[in-house]
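From first to last, the protein sequence lines stand for chains A and B.
Quick note: the first sequence uses my numbering, first residue 1, plus one each step.
Quick note: the second sequence uses my numbering, first residue 1001, plus one each step.
We treat Cβ as the ideally placed atom computed from N, Cα and C, and that holds for glycine.
All remarks here apply to the structure that follows.
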Amino acid sequence: MSILKLCQVNRTYNENKSSEVRALRDINMEIDKGEMVAILGPSGSGKSTLLHILGCIDADYHGTYLLYDENMTMKSDKEIANIRNKKLGFVLQEYGLLLDKTVLENVSIPLWFSDCKIRYIKNKCLVILKILGIQDYYNKKVNELSGGQKQRVAIARALVNDPDIILADEPTGALDQTTSEEIMEELRKLNQAGKTIIIVTHDPRISEVCTKTFHIVDGTIRLIPN
Amino acid sequence: MIYKIMLLSYKKFIETKLLNIFLIVQIVIVIVVLNISIGKIQHSAFVTGIVHQSEITKAYYVAPRMNTRFGLEAGLINKEFDQLFASLENIESIEAINKLSFLIPEVALDIAVMSYNPNMINRIHLPLSAGNWFTKESMDHNDFTPVIISHSLSEYYQVGDFITLHGMSRSHKLKVIGILDQQDYYLSFQAAGDFMCIDEIFDRGKNVILCPEKPELLSDKLGGYEQGKLIYFDEKTQAEKNIEELSSLKETCYINSIYEMIVNQRETNRHDVILQLVHIAIAVVLALAGIGGTNALAFIFKEKEFALYFMCGLRWKWCVFIVAVKNIILLILAAILSFVVLNYITTRSPSMEVLYNSNNFIVTFFVLCSIYLLTSLSSILRMYKKSPISIIRRWD
């Protein structure tokens, strides 16, 4: 069952200007529920642009983006924000954490914008932190943690609202080999638990643990059979 | 949701308390400087306006009373000024008034009671329009006190009338024996290093009663209103020397005519206005660079946080709301503090002679609010135009 579908998606920066850049060209892709997908490509190939569109952060594109068979271009600002909050979780290369805040404060961010009552926020965060094995650090400042721990905190933040889709932008890019493998193992476990994982990366080894791999070059995408 | 966002806004405000204190202090400084400077310019304009409208021979010199309680009496001052302007044509002459003492019509007369030393009977004689000057015999009464009233009070009392002063430990019965003539000149003299003006006698208002020295009459408060400065001529030798110098009008003594007063006043006003304009310019620069700059800079450091919030499901509408709540808390605190500081300065500082106006306070406060909110909005707009993930990446 398709959870996410792009049809003829084009994204152009500085349209109709001399500095016009076509970042994505006629993108067609389909991702099923429970898949673990890698989007491989070199720097400047359009990976991040694609991630922004998939993550409902960039709406300035041509074409159709269907999420749960619903056209995202027809959604209001409120509905899109709700989707980002409840259906999508983001894991970024350099963690995207507030370094001067505690682990708990970082993980709880999505819950502030959800229906979760304030009194349940802490418990909900602690449950996720326990699953990821970092519950002991909940009161520590993020800048006191190691790279692997930081990425686990980022994963915890992505998971805290129990989204169906995790979008990971180079999740192992800032980590050493061992920690990278640990993080990939965490993502694989999540996938086994039913989450759809979409990883944007330039590391071909990532695709080895994925069920589907797309290759993106100069804004065009093609599916590589595993 | 709204409760959570409000709570989050409050947390954001507390998190940046040092920065907020810095901003509040800047706003308070700017508001106080602007209010004082604008008040002084208005005062100068007011005085200049009166001087321009007056005839030389019937001129008057007016300045606001000291230490007007900011805000509480600002409306009253405006009203009184309006009335004064409205009645300007009907005023034939205002004598030497350094401090404008506001009358509250139909409530009470604002009267300054001045002490007159009986020993000076043969030395000081101010010209009278009616009645007689004090004599040793006239001062010797047990059932009333003989007094001489200023010309303005002749509207209410004539020679031979009795005046009862209330508002003291007991009432005092005064009998009018003379009415001072209108003054169209100033006399001042310098003696023993102290500058004295005869018109100081009238400095708190035009309604002056000269009475023989009676300590029980020399209260700071009379009828609920602050009364005039007391002039004693106790030290006979010194006073006699002064009077001799005054009467000779040579070398050490000089007369400032009303015309000279007007010229001096214009010059003083011009300098004062230039000085206040410089203050205003500094305050405006501080407002733009300090408040606007600090706020914009604070936003840049919060950019990543807002980008993360957006990525995690915050709508831009709520983002603006969080900023607005934080700003409103900050601006309310700044407004209260500015008000308190202005009140403190105006009521405690003895040298403060500023015309305060609640309208000035409101205008300056809203101008600062606009600067502050515009920088906030432009910062949000700048963030809105960028991709949140690229903002996060940049900060990571």
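Check your understanding: Would you report the Cα separation of PRO42(A) and VAL217(A), rounded to the nearest angstrom?
Key -> One C-alpha to the other measures close to 7 angstroms.
**Study point:** Simplified DSSP state of HIS202(A), which is helix, strand or coil
**Key:** In the three-state scheme derived from DSSP, where H, G and I count as helix and E and B as strand, HIS202(A) is classed as coil.
Check your understanding: Does the distance from the C-beta atom of ILE1031(B) to that of SER1338(B) stay below 9 angstroms?
Key -> Yes, Cβ-Cβ distance for ILE1031(B) and SER1338(B) is below 9 angstroms.
Exercise for review: Mark TYR1344(B) as exposed unless 16 or more other C-beta atoms lie within 10 angstroms of its C-beta, in which case mark it buried.
Suggested key: TYR1344(B) should be labelled exposed.
Practice item. Give the secondary structure of LEU1381(B) by DSSP, where H, G and I count as helix, E and B as strand, and everything else as coil. Key: LEU1381(B) falls in the helix class under three-state DSSP.
**Study point:** Beta-carbon proximity of GLY55(A) to PHE90(A), cut-off 9 angstroms
**Key:** Yes.
Practice item. Evaluate contact between the region 80–96 of chain A and the region 32–47 of chain A, counting only Cβ atoms and requiring at least three cross-stretch pairs below 8 angstroms. Key: The region 80–96 of chain A makes no contact with the region 32–47 of chain A, as fewer than three CB pairs between them are under 8 angstroms.
Practice item. Could you confirm whether any beta carbon from chain E is found closer than 9 angstroms to the beta carbon of LEU132(A)? Key: Here the protein chains are A and B, and chain E is not one of them.
**Study point:** Residues sharing a beta bridge with GLY63(A), DSSP
**Key:** According to DSSP, GLY63(A) bridges with nothing at all.
Check your understanding: Does the beta-carbon of HIS249(A) have 16 or more other beta-carbons within 10 angstroms, so that it is buried, or is it exposed?
Key -> Outside the shown range of chain A (1 to 226) lies residue 249(A), about which nothing can therefore be said.
Point to revise | Own chain residues within Cβ distance below 6 angstroms of ARG11(A), not counting five before or after | key: In its chain, beyond the 5 residues on either side, ALA23, LEU24, THR49, TYR61 have a beta carbon closer than 6 angstroms to the beta carbon of ARG11(A).
Review point. Any beta-carbon of chain A closer than 9 angstroms to the one on GLY1293(B)?
Key: It does not: the Cβ of GLY1293(B) has no partner Cβ on chain A nearer than 9 angstroms.
Exercise for review: Run the CB neighbour count on THR73(A), radius 10 Å, all protein chains shown included, and call it buried at 16 or more, exposed below.
Suggested key: Burial call: exposed.
Point to revise | Residues of its chain near ALA1307(B), where Cβ-Cβ distance is below 6 angstroms and the 5 sequence neighbours each way are ignored | key: Closer than 6 angstroms at Cβ, skipping near neighbours: PRO1388, ILE1391, ILE1392.
Practice item. For chain A, find out if any of its Cβ atoms is closer than 9 angstroms to the Cβ of SER1358(B); answer yes or no. Key: For SER1358(B), not one C-beta of chain A is nearer than 9 angstroms to its own C-beta.
Point to revise | Close Cβ partners of MET1006(B) (< 8 angstroms) along its chain, the five nearest in sequence each way excluded | key: Contacts found: VAL1325.
Practice item. Using a Cβ-Cβ cut-off of less than 8 angstroms, give me the residues of the region 129–159 of chain A that come near chain B, in sequence order. Key: Along the region 129–159 of chain A, the positions whose C-beta sits under 8 angstroms from a C-beta of chain B are ARG157, read in chain order.
Exercise for review: Output the distance between the C-alpha atoms of ALA158(A) and GLU170(A), rounded to the nearest integer angstrom.
Suggested key: Rounded to whole angstroms, the gap between the alpha carbons of ALA158(A) and GLU170(A) is 14 angstroms.
Check your understanding: For a contact meaning CB atoms closer than 8 angstroms, what does ALA23(A) contact in chain B?
Key -> Identification of chain B residues near ALA23(A) by a Cβ-Cβ cut-off of 8 angstroms yields none; the smallest Cβ-Cβ distance measures about 12 angstroms.
Exercise for review: Tell me PRO171(A)'s beta-bridge partners as DSSP assigns them.
Suggested key: Looking at the DSSP assignment, PRO171(A) forms no beta bridge with any residue, so it has no partner.
**Study point:** Outcome for ILE183(A) when other beta-carbon atoms lying within 10 angstroms are tallied against a minimum of 16
**Key:** By the neighbour-count criterion, in which a residue is buried when 16 or more other Cβ atoms sit within 10 angstroms of its Cβ, ILE183(A) is buried.
Practice item. Output the residue ranges of the beta strand (DSSP E) runs that lie fully inside the region 48–99 of chain A and measure 3 residues or longer, sorted by chain position. Key: Within the region 48–99 of chain A, the complete beta strand (DSSP E) runs of at least 3 residues are 62–67, 88–91.
Check your understanding: With DSSP run on the structure shown, which of helix, strand or coil describes GLU30(A)?
Key -> Looking at GLU30(A) - three-state DSSP - the assignment turns out to be strand.
Check your understanding: Any idea what DSSP makes of LYS1302(B), helix, strand or coil?
Key -> In this structure, DSSP gives LYS1302(B) a helical state, which the three-state scheme calls helix.
Practice item. Compare the Cα-Cα distances from LYS1175(B) to each of GLN1026(B), PHE1134(B), ILE1328(B) and report the closest residue. Key: For the options GLN1026(B), PHE1134(B), ILE1328(B), the alpha carbon positioned closest to that of LYS1175(B) is the one of PHE1134(B).
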